[in-house]
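Enquirer: For the sequence shown, the positions run 7 to 458 when this note's numbering is used.
Sharing a structure below in structure tokens format, with a few things to ask.
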Amino acid sequence: MKPSVLLIFQAPRKRNLYVNILPPLGILSIAAYLEKNNIPTDVADFTIENRLKKEIKNYDVVGLSLNMANIATSLEMIRHIKRQNPKAKVIVGGPSCISNPLYFTDNEFIDAVCTGEGEEAFLDYIMQDSFMDGKEVKGLYTRKNKNFVYGGERQHKNNLDEYPFPALDKVKIHKYNTPIRKRFPVSCVMTSRGCPFHCIFCFHSMGYDWRARSSENVVDEIEWHVKELGVKEICIQDDNFSLDINRAEQIFNLIMKRNIKVKLQFPNGLRVEFIEFDLLNKMFQTGVWLIGIAPETGSPELMKTIKKGMDLEKVAQVVRWCQKIGINTYANFMVGFPTETMQDLQKTSSFIKKLNPDFIQIARVIPIPATPLYEATVNDEIRSQFGQEDGNFFGIPKLVKSEIPKKEVARFIKKIHMTFYLNPVKIFGLMKILSLPRLIKLFVYSIITGNI
Numbered sequence: 007m008k009p010s011v012l013l014i015f016q017a018p019r020k021r022n023l024y025v026n027i028l029p030p031l032g033i034l035s036i037a038a039y040l041e042k043n044n045i046p047t048d049v050a051d052f053t054i055e056n057r058l059k060k061e062i063k064n065y066d067v068v069g070l071s072l073n074m075a076n077i078a079t080s081l082e083m084i085r086h087i088k089r090q091n092p093k094a095k096v097i098v099g100g101p102s103c104i105s106n107p108l109y110f111t112d113n114e115f116i117d118a119v120c121t122g123e124g125e126e127a128f129l130d131y132i133m134q135d136s137f138m139d140g141k142e143v144k145g146l147y148t149r150k151n152k153n154f155v156y157g158g159e160r161q162h163k164n165n166l167d168e169y170p171f172p173a174l175d176k177v178k179i180h181k182y183n184t185p186i187r188k189r190f191p192v193s194c195v196m197t198s199r200g201c202p203f204h205c206i207f208c209f210h211s212m213g214y215d216w217r218a219r220s221s222e223n224v225v226d227e228i229e230w231h232v233k234e235l236g237v238k239e240i241c242i243q244d245d246n247f248s249l250d251i252n253r254a255e256q257i258f259n260l261i262m263k264r265n266i267k268v269k270l271q272f273p274n275g276l277r278v279e280f281i282e283f284d285l286l287n288k289m290f291q292t293g294v295w296l297i298g299i300a301p302e303t304g305s306p307e308l309m310k311t312i313k314k315g316m317d318l319e320k321v322a323q324v325v326r327w328c329q330k331i332g333i334n335t336y337a338n339f340m341v342g343f344p345t346e347t348m349q350d351l352q353k354t355s356s357f358i359k360k361l362n363p364d365f366i367q368i369a370r371v372i373p374i375p376a377t378p379l380y381e382a383t384v385n386d387e388i389r390s391q392f393g394q395e396d397g398n399f400f401g402i403p404k405l406v407k408s409e410i411p412k413k414e415v416a417r418f419i420k421k422i423h424m425t426f427y428l429n430p431v432k433i434f435g436l437m438k439i440l441s442l443p444r445l446i447k448l449f450v451y452s453i454i455t456g457n458i
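In structure tokens:
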């Protein structure tokens, strides 16, 4: 008899800090892959739900996806699971487990830790009965008695078309939402994995090798979202959607050829060196209304230090192209880097004014484990606090060698946001894009968190 599986995405404790509630593609992809292999699997997303459909005791294996915001609440959930069902095997994965797996092998309630992409590792863990006797599985730390054994690194799958679409039929799609949208219901799609760039602050949870789904496979999923799930807007979640411009063009050509009516946005940001005017024009014709761009800084000197590698003039050119075509823009910046100076902050402020996108987000720099930034700036005391603070992306940066006082960083973020969004011309422009209730929600959110 095959084991029954429950996959959980736990909400952070500071739930009010998160206004973008979108489907957890990680556990939904694993659920679809397990179901394809005849493993009965349920999904519980506690960002939109309050209780389980079945009792914990009905499951043999429970998996949880952990990120920097939900570690503490997930560990509380794991203790609850083990109290209710001591025989259940608990496997954890997600970005936090990939970046710092040994933190979780110290937890007495955890039976396996996934150190990479989870579809095949999770299936192997179940099919080989590894959770019964602690056998080694590639890509996993598995418990054997009181210790863990590591099965070694698992190679990434290159042909992503072999994976089924994420099991969005297992969640209530109408409960997901984001205030920055044109249509509803809203969902998300990931068309590629991996990132070949080397920004010092970014953790590559899917590796440096960029792997992309075929254009036909991507459009098949978009069409499924629209026709079967009733979705009217899709957020493309890739880190590097347009790395292959020809593939990007093929995707938009197919959407138009099939006459798929859907709004599209790219909130995670596109690399400007892989954007041209003709591509943007085609995107607009297809239904793209918003793209994100993430230069992170307006200082050319700091740009080199953080190894972002973006040409600020090309950033400005892409924004001008979007304004000409009719695509709205969302610019992302980060402040509080260790070597950042007040002069760098001033350059960022000036660049934002020059750029004049429709939306901005200025985030505090938070060192993530296993990144060059973390290794260079975080001391042992801070390392020992890993996992103890929910929602820490909204805390004051805990950098050891920052040249700018923490209060100055917070003051800068607040000032830029207030100056940018309280401009009457900007408010009038945003009212043409978003409804008044959503604008108010965004404004309150930015006041509470210092972000938007």
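Glycine included, each C-beta is placed from N, C-alpha and C at the ideal position.
The structure presented is a predicted model; accordingly, all values stated were derived computationally and were not measured.
Kindly give me the distance between the Cβ atoms of isoleucine 116 and valine 143, rounded to whole angstroms, as I take these residues to be in contact under 8 Å.
Expert: As a first step, residue 116 is located in the sequence shown; it is residue number 110 there, counting from the start. As a first step, residue 143 is located in the sequence shown; it is residue number 137 there, counting from the start. Actually they do not touch by this definition, with Cβ atoms about 15 Å apart.
Enquirer: At a cut-off of 7 Å, would you count lysine 413 as near the ligand GTP, judging by its Cβ distance to the nearest heavy atom?
Expert: Looking for the ligand GTP in the displayed structure turns up nothing, as the structure carries no ligands at all.
Enquirer: Can you tell me whether serine 198 is helix, strand or coil according to DSSP?
Expert: What you label residue 198 is simply residue 192 of the sequence shown in a count that begins at 1. Looking at serine 198 - three-state DSSP - the assignment turns out to be strand.
Enquirer: Closest to phenylalanine 15 by C-alpha separation, out of Ile45, Ala78, Asn64 and Pro46, would be which residue?
Expert: Here residue 15 refers to the residue found at position 9 when the sequence shown is read from its first residue. When each option's Cα is compared against that of phenylalanine 15, the closest is Ala78.
Enquirer: Buried or exposed for asparagine 398, please, with buried defined as at least 16 other CB atoms from any protein chain shown within 10 angstroms of its CB.
Expert: Translated into positions along the sequence shown, residue 398 becomes position 392. Interpretation of asparagine 398 is limited by its pLDDT of 47, a score under 50 that renders its predicted location unreliable; the figure taken from the coordinates is listed afterwards. Buried, because 16 or more other Cβ atoms sit within 10 Å of the Cβ of asparagine 398.
Enquirer: Would you give the residue range spanned by the alpha helix (DSSP H) that glycine 293 belongs to?
Expert: In the sequence shown, residue 293 corresponds to position 287, counting from 1. Glycine 293 -> no alpha helix (DSSP H), and no H or E assigned at all.
Enquirer: Quick one: residues in its chain with C-beta nearer than 6 Å to the C-beta of threonine 303, no 5 flanking neighbours on either side, listed in chain order?
Expert: As a position in the sequence shown, residue 303 is number 297, starting the count at 1. Counting only Cβ-Cβ distances below 6 Å, and skipping sequence neighbours, we find Met309 and Thr354.
Enquirer: Asparagine 334 to leucine 286, Cα distance in whole Å?
Expert: Residue 334 sits at position 328 when you count from the first residue of the sequence shown. Residue 286 sits at position 280 when you count from the first residue of the sequence shown. Their Cα atoms are separated by approximately 11 Å.
Enquirer: Name the two residues that bound the continuous alpha helix (DSSP H) containing phenylalanine 110.
Expert: Here residue 110 refers to the residue found at position 104 of the sequence shown. Counting along the chain, the alpha helix (DSSP H) containing phenylalanine 110 begins and ends at 107-111.
Enquirer: Ends of the beta strand (DSSP E) at histidine 51?
Expert: One-based indexing of the sequence shown puts residue 51 at position 45. Note that residue 51 is aspartate in the sequence shown here, rather than histidine. That run of the beta strand (DSSP E) goes 47-51.
Enquirer: Give me whichever residues DSSP pairs with glycine 99 in a beta bridge.
Expert: If you number the sequence shown from 1, residue 99 lands on position 93. Ser71.
Enquirer: Helix, strand or coil for arginine 149, going by three-state DSSP, please let me know.
Expert: Taking the first residue of the sequence shown as position 1, residue 149 is located at position 143. Strand at arginine 149.
Enquirer: For the region 104-114 against the region 369-377, are there 3 or more C-beta pairs whose distance is under 8 Å?
Expert: Verdict: yes, contact present.
Enquirer: Determine the direct distance from the alpha carbon of lysine 141 to that of threonine 184, and round the result to whole angstroms.
Expert: On the sequence shown, position 178 is the one that residue 184 refers to. On the sequence shown, position 135 is the one that residue 141 refers to. Answer to the nearest angstrom: the Cα atoms are 42 Å apart.
Enquirer: Can isoleucine 366 and valine 324 be called in contact, C-beta distance under 8 Å?
Expert: On the sequence shown, position 360 is the one that residue 366 refers to. On the sequence shown, position 318 is the one that residue 324 refers to. In this structure, valine 324 does not lie closer than 8 Å to isoleucine 366 by Cβ.
Enquirer: Alpha carbons only, please: which of Lys267, Asn91 and Asn338 is nearest the one belonging to valine 294?
Expert: To locate residue 294, count along the sequence shown from 1; it is residue 288. Closest by alpha carbon: Lys267.
Enquirer: Does DSSP classify phenylalanine 209 as helix, strand or coil?
Expert: Here residue 209 is taken as the residue at index 203 of the sequence shown, counted from 1. Coil.
Enquirer: Do methionine 340 and valine 371 have their C-beta atoms closer together than 8 Å?
Expert: Residue 340 sits at position 334 when you count from the first residue of the sequence shown. Residue 371 sits at position 365 when you count from the first residue of the sequence shown. In this structure, valine 371 lies closer than 8 Å to methionine 340 by Cβ.
Enquirer: Is it true that the CB of leucine 31 sits closer than 8 Å to the CB of glutamine 243?
Expert: Within the sequence shown, numbered from 1, the residue matching residue 243 stands at position 237. Within the sequence shown, numbered from 1, the residue matching residue 31 stands at position 25. Contact: yes.
Enquirer: How long is the line joining the alpha carbons of proline 403 and isoleucine 358, rounded to whole angstroms?
Expert: Taking the sequence shown and counting its residues from 1, one reaches residue 403 at position 397. Taking the sequence shown and counting its residues from 1, one reaches residue 358 at position 352. Note that proline 403 has pLDDT 47, beneath the 50 cutoff, so the model's placement of it is unreliable and the number below is only indicative. Proline 403 and isoleucine 358: Cα-Cα distance of roughly 22 Å.
Enquirer: My parser needs the alpha helix (DSSP H) runs of 4 or more residues fully inside the region 208-255; what are they?
Expert: The qualifying runs are 221-235.
Enquirer: If you drop the 5 nearest sequence neighbours on each side, which residues of the same chain put their C-beta closer than 6 Å to that of arginine 444?
Expert: For this step, residue 444 is matched to residue 438 along the sequence shown. So the qualifying residues of the chain are Pro185.
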